[in-house]
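One structure below.
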Amino acid sequence: MSITQEAIFVGANKQNYVSDYNPHHKTIAFGAGTSIALWKPLDKSHRGVYYTLKKHTKEVTGVKFLPHSELLVSVGEDHFVNVWKRSGDVYELHQSLSGHEHSVTCIAEVNEHIFVTGGADHKIIIWIYDGEGFKLGYDFEVKSNFYPLSLAIQQIDESGNYILAIGGTTNNIYIYSLQVTGGSISIDKSAELTGHEDWVKTLQFVTKSKYKDYILASGSQDRYVRLWRLKLNDSIDDTDEDPTKLTLLSNKQYKFNFGDNSRAAFSFEALIMGHDDWITGIQWHPSCKHQPENDESKLQLLTSTADTALMIWEMDTESGIWVCTSRLGEMSIKGASTATGASGGFWSCLWFIDDNSNEEYVLATGKTGAIRAYKSVSKEPKYFEETIGITGTVGAITDLRWSIGGEYFMATSLDQTTRLYAPWKRKEVTTWHEIARPQIHGYDMICCDNITKTKFVSGGDEKILRVFELTESVRQHLKALGGIEINDDNEKLPEFASLPVLGLSNKADAQVQEETKNDGGEEPVQNVVENVNLPPTESYLQRHSLATEIEKLYGHGYEVTCCSTSPNGKLIATSCKSNNAKHAVIRVFVVDNDYQQSKQVLAGHNLTISSLKFSPDGKYLLAVSRDRQFSLWELIDDAEFKLVELNAKAHSRIIWDCSWLNGTSFVTVSRDKQMKFWKVEDKVTLVNSLKLEEPITAVSVFKGKTDASLSIIALGLESGQISVYTTDGNDFKLIVSFDEKITPADRIEKVSFSNQVVDKKLLLGVGSKDMSVRVYTMEETLFR
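Numbering (the UniProt record's numbering) for the sequence shown: 1 to 784.
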């Protein structure tokens, strides 16, 4: 294909049912914003997310693969339940089911014929397969003012009898017995399990054929996991319970009848204690879930919690007490926060086995959007090591800038991070990965640009900009993985950077240690570069890939909106939010003068400036604004500008972005759905314009060298569509519109060409409001 989607970086939503694993196809699906991302965790190329499914209009709250089928079910805040059918390595929409009136909060599956959803409309809906598709089989409410948060369903015989467990915004677990015959469902409320002291967040059944009974695990906000044994018919113990036993550990049997003269009873089995925060996820050992007929399968339980811990529990054969055999994740640290490297807790977990190597994998989604992956050490199954997982933002992308050489890029996001992405080159394959997280901030990040190969400036949703220097650890990773050298002059870079406890600025580690000693604090943990021949893991990215902050730039009265550096790296132009002319100005900082602000303030606009760009030769500075005007400034001295033109009739709506073709021509794009081509001579002249069917939100012109004599322009649109045009300086020609299947699900915030041609392909980076960063390649032959 002439257009290839090389990489997708997107974080997982903060939901308890956000991910699921298909053992047959070895694929993980997880909710990522309004999309569903697909990832093959056992793929040896470590490609990461390879496809996203688009249909939901609001955040995806849960996904489930239906066992023994080619179907995937997703639910979201848009009230819809979508059923997807496998097609090759991806999925296509099969059905979109309506029945809920508010956000769908939980989902549970049992087989390919039945699944259950619960929503914020209080409803529990049982969906059944009628031979052609799924339909609403039965819906009910547990009680008034009860919101379901967790579901588990278990088939208990071949005649269509099921047990449904429901947890939610009370302390109890509600048990229902279902009988499904043909297309009809009969349902009875059978029991109410008491014991938890807070909302029940997660439930899961497991069966052991050796005992002919079932165990239900329940996790609650009370920090405890309870195990309940379900016995059927003759295995029920009809002796009276011990009245002297503590209520907390009551052995009361919750007996009920179901089906045709069948009996069942739940009894409390065990209380698992050890976590310090809400239980967010529960997974039985995969050999129990997928091979219940195997009597030798392990009865082990994995729990994830908001205390940053993953624990594997196993019953001690002698005492019968459940003990923790493995603990993953992070230990709570002094002053822990996401800024100091703490993960912020886990929201869900998965557990599966690689059939080829017999290695076990434990995965957890966290607050940062990452999916952390842990692989068992083959000789010691109780020991796990962190391996390459998924990283991505959990906020809209706001800016994306390629490095000066075009080998890698950085992106800023509303999730308060600036991230660095680069290729991992091997003989057989090249894949893209997050190599560093130079900035983890307390404000939403808005913009960034390069100053030199090792220094960059970024602006957050605050009044100041910050200048950073990359560290030696980042340089080593870039060189080892992609053959990228960022330190040509061999100037010594800081080894590592850290954020001091209660500090606000990233500092070199030696400086952090000195300040910590002076404050009487504990000695910080020494940073150790992990294997630089592999992409860093999420733990490393959070703790050891920060850049060192070397300067702050003051002057703006409101939140920064955009910045641009001159090609020689000597000037930084910045602007901020404004609803009047006083603050709708451009401030220029002189790098060689210790980042001092120039005395000249470039005024003329009336509203927020939305984009700033220096011309490729550094002679001009272009600004476009929400006031529908653009201003062009000529650099006449080291840091002195003169106004060439302030065009009051440039567009009829907000101008979102601009890009230079060369030193004398540029394009602007606007909400008025137009791209306009301007030429700079004695004055600025409109050469041509192009009108599309929707607003154009981002533009980038390729600045590298190709065999083509035409200029190449990429446009990002409000719907998420991407189009590429060429121009000879007069007319625009559409070369390609990207297939909707590989474009983002929401507004394009930034498109940016690398200035490199790699293997006769152009690289395009795209950042979207849907939280994704994507890398596309386009064959050079497209433009000949």
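Even for Gly, the Cβ is constructed at its ideal location relative to N, Cα and C.
Keep in mind it's a predicted model, so treat the numbers as computed, not measured.
- The C-alpha of W656 lies about 20 Å from the C-alpha of R587.
- Judged by DSSP in its simplified three-state form, L151 adopts strand.
- The beta-bridge partner set that DSSP reports for G405 is empty.
- Minimum Cα-Cα distance from L607 among the listed residues D627, D594 and Q600 corresponds to D627.
- Classified as exposed, S652 has fewer than 16 neighbouring CB atoms from the shown chains inside 10 Å of its CB.
- Of all C-beta pairs linking the stretch 620-636 to the stretch 695-709, fewer than three are shorter than 8 Å, placing the two stretches out of contact.
- Out of C448, I353, L310 and A364, the CA that lies nearest to the CA of Q416 is found in C448.
- Closest by C-alpha distance to K208, out of L216, Y595 and E472, is L216.
- With a threshold of 16 other beta carbon atoms within 10 Å, N13 meets it and is buried.
- The C-alpha of G31 lies about 13 Å from the C-alpha of C349.
- Unbroken beta strand (DSSP E) stretches of 3 residues or longer found wholly inside the stretch 382-436: 397-402, 409-413 and 417-425, given in chain order.
- Nearest C-alpha to N568 among C562, A581 and A639: A639.
- Taking the CA atoms as reference points, A120 sits about 12 Å from S144.
- Close CB contacts of R47 within its chain, under the 7 Å cut and outside five residues either way in sequence, are with T431 (chain order).
- Where Q221 is concerned, there is no enclosing beta strand (DSSP E), because DSSP gives it neither an H nor an E.
- Counting only runs of 3 or more residues that sit fully inside the stretch 558-591, the beta strand (DSSP E) segments are 560-565, 571-576 and 586-590, in chain order.
- The beta carbon of F732 lies closer than 8 Å to those of M675, F677, N688, L690, I713, Y725 and T726 in the same chain, with the five residues before and after it left out.
- For T181, same chain residues with a beta-carbon under 7 Å away, outside a window of 5 residues either side, are G160 in chain order.
- E559 places its beta carbon less than 7 Å from that of K577.
- Burial check for F630: the Cβ neighbour count within 10 Å reaches 16 or more, so the residue is buried.
- Leaving aside the five residues that flank F589 on each side, the residues in its chain whose CB is nearer than 6 Å to its CB run, in chain order, L553, I572, Y595 and Q597.
- In this structure, DSSP gives G482 a helical state, which the three-state scheme calls helix.
- Where S709 is concerned, there is no enclosing beta strand (DSSP E), because DSSP gives it neither an H nor an E.
- Shown here, F496 sits in coil according to DSSP, grouped into three states, outside any helix or strand.
- A buried status is given to N82, since no fewer than 16 other beta-carbon atoms sit within 10 Å of its beta-carbon.
- Within the stretch 597-628, the complete beta strand (DSSP E) segments at least 3 residues long are 609-614 and 620-625, listed from N- to C-terminus.
- Here Q542 carries a helix assignment [DSSP, helix/strand/coil].
- Looking at the backbone, the Cα of I486 and that of R543 are separated by about 22 Å.
- Residues Q721 and S723 of the same chain have their beta carbon placed closer than 7 Å to that of S737, with the five preceding and five following residues left out of the count.
- The C-beta of I124 has 16 or more other C-beta atoms within 10 Å across all chains shown, which makes the residue buried.
- Contact annotation: the stretch 775-784 does not touch the stretch 20-29, with fewer than three C-beta pairs closer than 8 Å.
- Between the beta-carbon of K750 and that of L400 there is about 4 Å, and that keeps the pair under the 8 Å contact cut.
- Pairwise C-beta distances place the stretch 67-85 in contact with the stretch 101-119, as three or more of them are shorter than 8 Å.
- Taking C-beta atoms as the reference points, T387 and A370 fail to come closer than 7 Å.
- Shown here, T781 sits in a helix according to DSSP, grouped into three states.
- Within the same chain, Cβ atoms closer than 6 Å to the Cβ of K642 are found at E634 and I636, the five residues on either side in sequence being excluded.
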